[in-house]
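A quick write-up on the structure given underneath.
Protein chains in written order, with our numbering: chain A, 1 to 317; chain B, 1 to 317.
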């Protein structure tokens, strides 16, 4: 295990960096990659990000101009916010077994890299990168902005249970570089498209409750998605919607895919182990947040199967 | 103007404290009052809060057991988060002209008190109270929890534009006392009643747009409030709802009161000075968040007057 200082020493000693981000890239992996690349270039190194085909418009501005050209000669491979090689995007699979340094905060990190700088107590990988930036003398407005994106997105803007004193200390340091965090907050946490708001309005009026009100179900059949004309981005992170209903501790979000499959996201309180529920349907995840996919079933049957599984798993506990 | 250190010296030198909070009390005024009372009692002083009839269930736990009995002998009167004597609750009007120390962060503070410790650059009055607590050696888990309520509520949990490096530094210090902020965040920022969600669902489907989509209006006539059976608490902080619509930078929330008055909350981006708009109707507040009350006008006229004022103030800038 490398400390942030040791990771900084390693980064100062090498060159020709290729930086890997995980599939379905979020603000933490992209913010960290953007910041790390700028730090290394600031030190006069060659550095670039391996292209990630799944980057959304939300995060594209923070990694703009940093992608490696096709003929990039990688000497040193660093991954950020990646827990295991299973989470590599397709075009990163060639680097399996060849990562020199992994910087990450996932408790389940598989230590797949030659050197690992992994701190599971950090809410965001961005907190570790902030320490590394300080060690490198590279904490400035250019690196602090993507790091703020990393830290704020992985904590829901400092509201999730993973926030610690260190998270706020890091945010204070990032602000001290003079960054303007306001457009970031406005864009990432305080802006919703009219379609998204219409969708939320509809879903909130159609919530269904079971098990004495403790289980809430949010349903997005294809017909509704088409009626409202919503995109995948409009439906991003909808699992949080049901979880906020007072008195519930079990929120099932059912999204129908174009092929008729139902993608299920389950969010639970301490009473129900979400991993156990989703494992019954071949899925998995964390204790409080898991997912699975159900096939060849009607909407009613999917709903019934999941509600029953939640009740049974709660009963077994 | 008193510094936090001078305010701490004053507090150490006196006794028999009565602490005033503002009408329609929020997390900042109540959190500050709760923390200040506990600090003073911790120093062996007599201290209590003047009863505030409008305290909601949301914030009641943070001021529980601190209310002054009817025969309380006040020697020293301190107000927290109160910008002017107009904002005193009814039962505090007897203390107009008799406040010894005002601790506040509103730019428009009228300096109504004998001594004023006012820092408009602070996002929450709780930030100033945190400095005072440190000066008094009274920053501990008991005082830090209500201060966290103060700072987090006035910043929407660190998402609003008023957040500064100091806000995050204060949050880190509060966390370091060992408080458990998780139930606070869950309760204040991640839980909504079923009625609240139904209300939001309804309002989101009924948004009205003006000025090429830059102004959004959210309307809560009494008839709607009665139809949905919502309480004052269900309608708390609805001003944030309209402000999140993509492409808008001016959100007007109109709430009809039982007496037919319209309570207006205005949230604006840099283009429109909310204070200037609300000042036209005898109200005030901050540049990005102000309020006012309109009387003897129809819903349509209230809406038109406010939309026009926003357009004119933007034009004058």
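Positions of the beta carbon are idealized from the N, C-alpha and C atoms, including for glycine.
**Study point:** Interface partners of residue 159(A) on chain B, CB under 7 Å
**Key:** 157, 185, 189, 190
Check your understanding: Looking at C-alpha atoms only, which residue of 276(B), 178(B), 259(B), 19(B) is the closest neighbour of residue 91(B)?
Key -> 19(B)
Practice item. In angstroms with no decimal places, state the Cα-to-Cα distance between residue 273(A) and residue 250(A). Key: 10 Å
Review point. So, using beta-carbon positions, are residue 148(A) and residue 184(A) closer together than 8 Å?
Key: Their beta carbons are under 8 Å apart, which means residue 148(A) touches residue 184(A) by this criterion.
Review point. Taking contact to mean at least 3 C-beta pairs separated by less than 8 Å, is the stretch 211-230 of chain A in contact with the stretch 226-244 of chain B?
Key: no
Review point. Is there contact between the stretch 78-95 of chain B and the stretch 6-19 of chain B, where contact requires at least three CB pairs shorter than 8 Å?
Key: yes
**Study point:** residue 186(A), enclosing alpha helix (DSSP H) - first and last residue
**Key:** 182-189
Review point. Any Cβ of chain A within less than 8 Å of the Cβ of residue 271(B)?
Key: no
Review point. In chain order, what residues of the same chain lie with their CB nearer than 6 Å to the CB of residue 144(B), ignoring the 5 residues before and after it?
Key: 174, 177, 179, listed in sequence order.
Practice item. Could you work out which residues of chain B lie near residue 5(A), taking near to mean beta carbons separated by less than 7 Å? Key: By Cβ distance, chain B contributes nothing, its closest Cβ being about 21 Å from residue 5(A), past 7 Å.
Review point. Taking a cut of 7 Å between CB atoms, which residues from the stretch 242-269 of chain B lie near chain A?
Key: 243, 244, 245, 246
Review point. Helix, strand or coil: how does DSSP classify residue 161(B) here?
Key: coil
Check your understanding: Residues of chain B with a CB under 8 Å from the CB of residue 169(A): which are they?
Key -> 168, 169, 172
Practice item. Could you check which residue in 281(B), 190(B), 55(B), 6(B) has the C-alpha nearest to that of residue 308(B)? Key: 281(B)
**Study point:** residue 230(B) (DSSP reduced to helix, strand or coil)
**Key:** DSSP places residue 230(B) in the coil class of the three-state scheme, outside both helix and strand.
Point to revise | From 35(B), 153(B), 199(B), 301(B), residue whose alpha carbon lies closest to that of residue 223(B) | key: Looking only at 35(B), 153(B), 199(B), 301(B), the smallest Cα-Cα distance to residue 223(B) is reached by 199(B).
Review point. My guess is that residue 76(A) and residue 104(A) are in contact by the Cβ rule of under 8 Å, so how many angstroms apart are they, rounded?
Key: Rounded, the Cβ-Cβ distance is 17 Å, inconsistent with contact.
Review point. In terms of residue numbering, what span does the alpha helix (DSSP H) encompassing residue 112(B) cover?
Key: Here residue 112(B) belongs to no alpha helix (DSSP H), and DSSP marks it neither H nor E.
Exercise for review: Look at the alpha carbon of residue 156(B) and the alpha carbon of residue 97(B), and state the distance between them as a whole number of angstroms.
Suggested key: 33 Å
Check your understanding: Would you say residue 205(A) faces chain B, with C-beta separation under 8 Å as the test?
Key -> yes
Review point. CB residue 30(B) to CB residue 72(B), shorter than 8 Å?
Key: no
Review point. Rounded to whole angstroms, how far is the Cβ of residue 294(B) from the Cβ of residue 252(B), which I believe are closer than 8 Å?
Key: Contact flag wrong, Cβ pair sits at about 11 Å.
Check your understanding: With respect to the alpha helix (DSSP H) encompassing residue 38(A), which residues constitute its N-terminal and C-terminal limits?
Key -> 27-42
Point to revise | Any chain A beta carbon closer than 8 Å to residue 12(B) | key: no
Practice item. Thinking residue 236(B) and residue 124(B) are a contact (beta carbons under 8 Å), I'd like their distance in whole angstroms, please. Key: Residue 236(B) to residue 124(B), Cβ: 17 Å. No contact.
Practice item. Could you tell me the distance, in whole angstroms, from the CA atom of residue 153(A) to the CA atom of residue 94(B)? Key: 48 Å
Point to revise | C-alpha gap between residue 69(A) and residue 270(A), whole angstroms | key: Rounded to the nearest angstrom, the two C-alpha atoms are 47 Å apart.
Check your understanding: Between residue 122(B) and chain A, is there a C-beta pair that is closer than 8 Å?
Key -> no
Check your understanding: For residue 5(B), which residues from the same chain have a beta carbon less than 7 Å from its beta carbon, with the 5 sequence-adjacent residues on both sides left out?
Key -> 135
Point to revise | CA-to-CA distance, residue 49(B) to residue 151(B), given in whole angstroms | key: 19 Å
Exercise for review: Just confirm the distance between the C-beta atoms of residue 57(A) and residue 190(B), as a whole number of angstroms; I'd bet it's less than 8 Å.
Suggested key: With a Cβ gap of about 26 Å, residue 57(A) and residue 190(B) do not count as contacting.
Practice item. Using a Cβ-Cβ cut-off of less than 7 Å, list which residues of the stretch 273-288 of chain A approach chain B; keep chain order. Key: Listed by position along the chain: nothing, the set is empty.
Exercise for review: Give the straight-line distance between the Cα atoms of residue 234(B) and residue 43(B), rounded to the nearest whole angstrom.
Suggested key: 38 Å
Check your understanding: Residues in the stretch 208-230 of chain B with C-beta within 8 Å of chain A's C-beta atoms, listed in sequence order?
Key -> Cβ proximity to chain A below 8 Å picks out nothing from the stretch 208-230 of chain B.
**Study point:** Whole-angstrom distance between residue 165(B) and residue 118(B), CA atom to CA atom
**Key:** 18 Å
Review point. What residue does the alpha helix (DSSP H) around residue 303(A) start on, and which one ends it?
Key: 299-316
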